[in-house]
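Okay, structure first, notes after.
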Amino acid sequence: MTETVHQLINAYYAAFNNGDTAAMLSLLTDDVKHDINQSGSETGKAAFAVFLEEMSRCYRERLTDIVVLADKSGTRAAAEYLVHGEYLEAGHGMPVAHGQKYVLPGGAFFSIRDGKIARVTNYYNLPDWLAQVSK
908 MTETVHQLIN AYYAAFNNGD TAAMLSLLTD DVKHDINQSG SETGKAAFAV
958 FLEEMSRCYR ERLTDIVVLA DKSGTRAAAE YLVHGEYLEA GHGMPVAHGQ
1008 KYVLPGGAFF SIRDGKIARV TNYYNLPDWL AQVSK
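Residue numbers (our numbering): 908 to 1042.
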C-alpha cells in the first residue's frame, strides 16, 4: 500500500517539476482540499487549477531532494523537499519581483482517497522567502 502512495506523490512532484498542470490535476480528487501556506484553504480541482496558473505566472520552481513518507494504511503521506525558485512576477501584496532566485526548504502533507490526492497542505518558511526575495 505505501509503495502505491509513494508512486502517487512522486508522480505529483514529477508533474510539478515538468510544469504539467494537467498531469497534476489528474492525480487529485474532484473535491481536493488545498491548504495554502500561511493562508486560507480552497476546495476543488478548479480552484487548484487557478492556484497553479497564478504560481506559474509568478514563480519558476523546481523541487529537489524530495523524500516521501507514507502511513501503512495508504491514506496519509508527507513530503520534504528543497524549492529552487525564481521570482518572476509579484502576486497580490507581495514584494516587487525582478528575477530574484531563492532556495527554500518546504514540506507537504497529503490525504489519499481512492488512489488520488484528496488533500494537499503545503508549508514553507514565508519570512525566509521574503528575506531572500527582498534583497
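Note that the Cβ used here is the ideal one computed from N, Cα and C, for glycine as well.
Predicted, not measured: the structure shown is a model, and the values here were computed from it.
Check, Outcome
"Contact set for residue 930: own chain, Cβ-Cβ below 7 Å, skip 5 residues either direction", "922"
"Start and end residues, beta strand (DSSP E) containing residue 864", "Outside the shown range of the chain (908 to 1042) lies residue 864, about which nothing can therefore be said."
"Residue 916 to residue 974 span [Cα, whole Å]", "10 Å"
"Rounded straight-line distance, which links the Cα of residue 1003 to that of residue 990", "20 Å"
"Close Cβ partners of residue 935 (< 7 Å) along its chain, the five nearest in sequence each way excluded", "952, 955, 1023, 1024"
"Integer Cβ distance of residue 970 from residue 924, believed to fall under 8 Å", "6 Å"
"Nonlocal neighbours in the same chain, by C-beta distance under 6 Å from residue 928, ignoring five residues either side", "959"
"Sequence-distant residues of the same chain with beta carbon closer than 6 Å to residue 1008, five excluded per side", "993"
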